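Peer 1: Here it is, the structure in full.
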Amino acid sequence: MVSRRKFCTILSGAFAAAAAPVYSNTPGLLRNAGDIRVIKLKNNKTSEKINLVYWIEGTYISEALKEVNYFMRDWRQNKVITYDVANVDIIAATQALLDTSETMQLLSGYRTARTNKMLSFSNSGVARNSYHIKGMAADLRLDNRSVSQIANAAKACMSGGVGSYPRSGFVHIDCGPVRVWKR
Numbered sequence: 003m004v005s006r007r008k009f010c011t012i013l014s015g016a017f018a019a020a021a022a023p024v025y026s027n028t029p030g031l032l033r034n035a036g037d038i039r040v041i042k043l044k045n046n047k048t049s050e051k052i053n054l055v056y057w058i059e060g061t062y063i064s065e066a067l068k069e070v071n072y073f074m075r076d077w078r079q080n081k082v083i084t085y086d087v088a089n090v091d092i093i094a095a096t097q098a099l100l101d102t103s104e105t106m107q108l109l110s111g112y113r114t115a116r117t118n119k120m121l122s123f124s125n126s127g128v129a130r131n132s133y134h135i136k137g138m139a140a141d142l143r144l145d146n147r148s149v150s151q152i153a154n155a156a157k158a159c160m161s162g163g164v165g166s167y168p169r170s171g172f173v174h175i176d177c178g179p180v181r182v183w184k185r
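Residues 3 to 185 (the working numbering) are what the sequence shown spells out, left to right.
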């Protein structure tokens, strides 16, 4: 016979499990992005901003993702591709972990091979086979959080590459293999 205490414990566990949100299959702490996932970014080069719900209870919102694709475009070449939603999830989870109302600044999202090559002439840190070219990376900053705080939040997601660039004041986040570096 089950004691009253044990029964209440089992019952409360069942209710908690039933009330728990359903998360995507993306690994790591992307669960922190929540039942409703929001991405809030601004691009200082184009003066564009997005603040939109792109995922609700296990379903991506295609119109919102189209806006993300446009926002993440290579603005130098005005080239839009389908940006990898896994990286959008990592960015949203990073924002949630940082618990800030500040809008993240996008320094670079998708880059064409041409733009990537042009940037490599002025910056030796630009990778030849960058995840930016694949639409799988973003360089980001926040005014009210340090590079290490942003990087630590992104690393906690355990879902891709995180590069810290403290001298340049930004963090690289991608949805490639899990790895960490600092320059």
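No residue lacks a Cβ here, since even glycine has one placed at the ideal position from N, Cα and C. In this text the structure is predicted, and so the values were computed from the model without any measurement.
Does DSSP put L142 in a helix, a strand or coil?
Peer 2: DSSP places L142 in strand when its eight states are reduced to three.
Peer 1: Could you say which of P179, N80 and F172 lies nearest to N146 if we only look at CA atoms?
Peer 2: Considering only alpha carbons, the answer is F172.
Peer 1: Would you list the residues sitting across from L100 in a DSSP beta bridge?
Peer 2: Per DSSP, none; premise fails for L100.
Peer 1: Going by DSSP, what residue range makes up the alpha helix (DSSP H) through V82?
Peer 2: Where V82 is concerned, there is no enclosing alpha helix (DSSP H), given that its DSSP letter is neither H nor E.
Peer 1: Based on the DSSP secondary-structure assignment, which residues constitute the bridge partners of E69?
Peer 2: DSSP, once it has assigned bridges, lists no residue as partnering E69.
Peer 1: In the structure shown, what three-state DSSP assignment does M120 receive?
Peer 2: Reduced to three states, the DSSP call for M120 is helix.
Peer 1: Does the separation of the CB atoms of R78 and V55 fall below 8 Å?
Peer 2: Against a cut-off of 8 Å, the Cβ pair of V55 and R78 comes out as no contact.
Peer 1: Below 8 Å on the Cβ atoms is my guess for V182 versus Y167; work out the distance and round it to an integer in Å.
Peer 2: Not quite, the Cβ-Cβ distance comes to about 12 Å (not below 8 Å), so this is no contact.
Peer 1: Just checking, does the segment 59–68 make contact with the segment 114–133 on the three C-beta pairs under 8 Å criterion?
Peer 2: Result no; under three Cβ-Cβ pairs closer than 8 Å.
Peer 1: Looking only at its chain, what residues have a beta carbon closer than 7 Å to the beta carbon of Y72, apart from the 5 residues adjacent to it on each side?
Peer 2: Closer than 7 Å at Cβ, skipping near neighbours: V82.
Peer 1: Which residues mark the beginning and the end of the alpha helix (DSSP H) in which N154 is found?
Peer 2: From DSSP, the alpha helix (DSSP H) with N154 extends over V149 to A158.
Peer 1: Can you tell me whether DSSP reads I175 as helix, strand or coil?
Peer 2: Here I175 sits in strand by DSSP.
Peer 1: Three-state secondary structure (DSSP) at I93?
Peer 2: Helix, per DSSP.
Peer 1: Can you tell me where the beta strand (DSSP E) with M106 in it begins and where it stops?
Peer 2: M106 to S110 is the extent of the beta strand (DSSP E) around M106.
Peer 1: Is L108 closer than 8 Å to L43 when the C-beta atoms are compared?
Peer 2: Cβ distance < 8 Å, so L43 and L108 count as in contact.
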